[in-house]
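Take a look at the structure set out below.
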Amino acid sequence: MYRRRRRAYFVLMGVCLVLFVSAWAFVRLWSMPAAIAMCVVAMVIPPVAAMVGNRKGPEDRWWDEPGGQQRQQPPPGDARPGKGGGATGDPESDAWWDELDGRKRRG
Numbered sequence: 205m206y207r208r209r210r211r212a213y214f215v216l217m218g219v220c221l222v223l224f225v226s227a228w229a230f231v232r233l234w235s236m237p238a239a240i241a242m243c244v245v246a247m248v249i250p251p252v253a254a255m256v257g258n259r260k261g262p263e264d265r266w267w268d269e270p271g272g273q274q275r276q277q278p279p280p281g282d283a284r285p286g287k288g289g290g291a292t293g294d295p296e297s298d299a300w301w302d303e304l305d306g307r308k309r310r311g
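Next up, the structure:
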């Protein structure tokens with residue numbers, strides 16, 4: 205799948221380059237509006253190529269951390285970290301959740 209995305213990216217960027225070069229190398233000699241239109245089309249291609257090249261397919265394991273390590277999942281049935289007396293390990297986050305839960309009142 206990676207190879208297909210990479211190939212599509214390079215094909216789109218190649219088309220973009222061909223449009224720019226041909227527009228100002230020889231199309232402008234016959235028609236200036238056509239050369240400008242070719243450049244406008246070529247201007248749209250790089251963002252589309254980036255989206256195509258970075259698109260993730262259904263078989264891609266996008267949830268994996270780089271290096272193969274996965275994030276630690278919260279305990280089952282616990283919608284948020286720190287609920288039920290558990291701490292998240294971040295004092296600022298714990299204080300924020302405690303304030304939302306009404307455990308600690310601001311003084």
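To convert, count from 1 in the sequence shown and add 204; that's this note's numbering. For each residue, glycine too, the CB sits at the ideal point set by N, CA and C. Bear in mind the structure is a predicted one, so any value in this text is a computation, not a measurement.
- Met-226 in three-state terms, based on DSSP: Met is not the amino acid found at residue 226; the sequence shown has Ser there. In the structure shown, Ser-226 sits in a helix (DSSP, three-state: H, G or I).
- Query: Measuring CA to CA, which of Glu-303, Ile-240, Asp-305 and Met-217 is closest to Met-255?
  - Reply: Met-217
- Query: Around the Cβ of Trp-301, are there at least 16 other Cβ atoms within 10 angstroms (buried) or fewer (exposed)?
  - Reply: It is buried - the Cβ of Trp-301 has at least 16 other Cβ atoms within 10 Å.
- Message: Need the endpoints of the alpha helix (DSSP H) that Asp-302 sits in, please.
- Response: 295–305
- Query: What residue does the alpha helix (DSSP H) around Val-231 start on, and which one ends it?
  - Reply: Here Val-231 belongs to no alpha helix (DSSP H), and DSSP marks it neither H nor E.
- Message: Tell me the DSSP secondary structure of Gly-281 in three-state form.
- Response: For Gly-281, the predicted model reports a pLDDT of 49, less than 50, meaning its position is unreliable and no value from the coordinates is stated.
- Among Gly-293, Leu-221 and Ala-253, the one whose alpha carbon lies nearest that of Arg-313: Coverage of the chain is limited to positions 205 through 311, which leaves residue 313 absent and any answer about it impossible.
- By the 10 Å Cβ neighbour count, where 16 or more other Cβ atoms means buried, how is Met-242 classified, buried or exposed? buried
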